[in-house]
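Position 41, counted from 1, in the sequence shown is what this note's numbering calls 180; the numbers after and before it change by one each time, with no gaps.
Glycine is no exception: its CB is placed at the ideal position from the N, C-alpha and C atoms.
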Amino acid sequence: MNYGSTAFLLLVLAVAVLFAAVAAVIAFGLARWEGVAIPAALSRSGVAFAAALTLCLAILAALGR
Numbered sequence: 140m141n142y143g144s145t146a147f148l149l150l151v152l153a154v155a156v157l158f159a160a161v162a163a164v165i166a167f168g169l170a171r172w173e174g175v176a177i178p179a180a181l182s183r184s185g186v187a188f189a190a191a192l193t194l195c196l197a198i199l200a201a202l203g204r
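Quick look at the structure:
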């Protein structure tokens, strides 16, 4: 399998974004369950999305070497 193909790279990026979006939704739900206001919960979910996506891309970059 050619791991350098464009389709494979797009698939890997789509999976990373999906994983980060799931982490953001979970963080939003947990924040709302805790009783936090919606703007603060959105902020927490944004931080979770950014952290998860950064972690995924860092791992992918390390594996690609």
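Where the alpha helix (DSSP H) through ALA176 begins and ends: Here ALA176 belongs to no alpha helix (DSSP H), and DSSP marks it neither H nor E.
Contact between the region 164-179 and the region 193-204 is defined here as three or more beta-carbon pairs at a separation below 8 Å; is this criterion met? no
Measure the alpha-carbon distance for SER182 versus THR145 and round it to whole angstroms. 33 Å
Using alpha carbons as the reference points, say which of GLY143, VAL164, PHE158 and LEU152 lies closest to SER184. VAL164
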